[in-house]
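Heads up: take any position in the sequence shown, counting from 1, add 652, and you land on our numbering. By construction, the Cβ of each residue, glycine as well, lies at the ideal position given by its N, Cα and C atoms. As structure tokens, the structure follows; a few thoughts come after it.
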Amino acid sequence: MVSPFSIPKCIVHMPHASRHIPLEFRDQFLLSDEDLMAERIRMTDAHTDDLFSFPPQEVRTLRFPMSRLLVDPERFEDDAREIMVQKGMGVLYTKTAHGDSLRRSLSPTERTRLLECFYRPHHARLTELVDDTLASHNRCLILDAHSFPSRPLPYEWDQSQNRPEICIGTDPFHTPKELEEACVNGFLARGYSVEVNRPFKGSLVPMAHFQVDRRVSSIMVEIRRDLYTDELTGRKIPRFKSIKKDLCCVLQGLWSS
Numbered sequence: 653m654v655s656p657f658s659i660p661k662c663i664v665h666m667p668h669a670s671r672h673i674p675l676e677f678r679d680q681f682l683l684s685d686e687d688l689m690a691e692r693i694r695m696t697d698a699h700t701d702d703l704f705s706f707p708p709q710e711v712r713t714l715r716f717p718m719s720r721l722l723v724d725p726e727r728f729e730d731d732a733r734e735i736m737v738q739k740g741m742g743v744l745y746t747k748t749a750h751g752d753s754l755r756r757s758l759s760p761t762e763r764t765r766l767l768e769c770f771y772r773p774h775h776a777r778l779t780e781l782v783d784d785t786l787a788s789h790n791r792c793l794i795l796d797a798h799s800f801p802s803r804p805l806p807y808e809w810d811q812s813q814n815r816p817e818i819c820i821g822t823d824p825f826h827t828p829k830e831l832e833e834a835c836v837n838g839f840l841a842r843g844y845s846v847e848v849n850r851p852f853k854g855s856l857v858p859m860a861h862f863q864v865d866r867r868v869s870s871i872m873v874e875i876r877r878d879l880y881t882d883e884l885t886g887r888k889i890p891r892f893k894s895i896k897k898d899l900c901c902v903l904q905g906l907w908s909s
């Protein structure tokens, strides 16, 4: 039996780190193999599962194992609540980053299968991790781990070319001001340009706790991809190690205090 005192207070959530699309779902996508690979590179938060890796005694990690092009766990399941449906990027994407057709029409059975196989189990696990943490500590921090391209893609709401190196996403209910300030100041102290809720905003919280439980804190950290990867190939560049070191130094202070 695991002692409740050994359960970390922080959960690192990595929703967009995978490029994987199982072969059985390949027929849903209208792009050629080459174009689909390019779209996966474009839309994947490359290496965030490495950048945001911490010792298991410090955090518990939840990584979505599928490409966001198949199912996006960061979207509301109900399209009526999801603003990105306007871009063809609800929980099940229909458009590419450039607004082209990505996927054929899905039957209700196909949609339900994707949600039941991937989306709902992932959110059930996240809720379970949060509940375990609350039972042990009466508080829980969710770190929503992302990256973003150095130049805005056509689907993005914010088309400003001048992008910060670090984007901090917050939620009015679930991000205490002291948590936001600690994160922002930590990166500023290491020489990074930082903006809050630009070019992306918000931070994930399970629906069971969303807007009702202030014991659950959440903050999103997005790293600009050109700092640590070749954006065309998605491969790491030499600076990766130093970026990861800085990231660890800043973030470890959020749950160790």
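Assuming contact is defined by CB atoms lying nearer than 8 Å, are residue i and residue j in contact in what I supplied?
i           : j           : result
residue 819 : residue 852 : yes
residue 659 : residue 761 : no
residue 669 : residue 687 : no
residue 716 : residue 774 : yes
residue 741 : residue 821 : no
residue 778 : residue 665 : yes
residue 781 : residue 856 : no
residue 691 : residue 683 : yes
residue 767 : residue 680 : no
residue 771 : residue 729 : yes
residue 832 : residue 848 : yes
Assign residue i to buried or exposed, taking buried as 16 or more other Cβ atoms, counted over all protein chains shown, within 10 Å of its Cβ.
i           : result
residue 709 : exposed
residue 867 : exposed
residue 799 : buried
residue 672 : exposed
residue 656 : Here the model assigns residue 656 a pLDDT of 48, short of 50, so the residue's position is not dependable, and the following value carries that caveat. Exposed, since its Cβ has fewer than 16 Cβ neighbours within 10 Å.
residue 824 : exposed
residue 796 : buried
residue 874 : buried
residue 724 : buried
For the putative contact between residue i and residue j, defined by C-beta atoms under 8 Å, what is the C-beta separation to the nearest angstrom?
i           : j           : result
residue 727 : residue 743 : 4 Å
residue 661 : residue 791 : 7 Å
residue 751 : residue 807 : 7 Å
residue 675 : residue 793 : With 8 Å as the limit, residue 675 and residue 793 do not qualify as a contact, their Cβ atoms being about 37 Å apart.
residue 703 : residue 880 : 7 Å
Give me the residue from the options with the minimum Cα distance to residue i.
i           : options               : result
residue 663 : 850, 783, 811 and 842 : 783
residue 826 : 859, 814, 812 and 800 : 859
residue 802 : 732, 789, 884 and 861 : 884
residue 903 : 718, 680, 679 and 707 : 707
residue 677 : 765, 738 and 667      : 765
residue 835 : 729, 870, 862 and 806 : 870
residue 815 : 828, 876 and 789      : 876
residue 809 : 736, 754, 887 and 861 : 736
Output yes if chain B places a C-beta closer than 8 Å to the C-beta of residue i; else output no.
i           : result
residue 747 : Given the protein chain composition of this structure (a single chain), no chain B is represented.
Which residues does DSSP list as the beta-bridge partners of residue i?
i           : result
residue 821 : 872
residue 747 : 753
residue 782 : For residue 782, which the question treats as bridged, DSSP gives no partner whatsoever.
residue 836 : Paired residue(s): none; residue 836 is not in a bridge.
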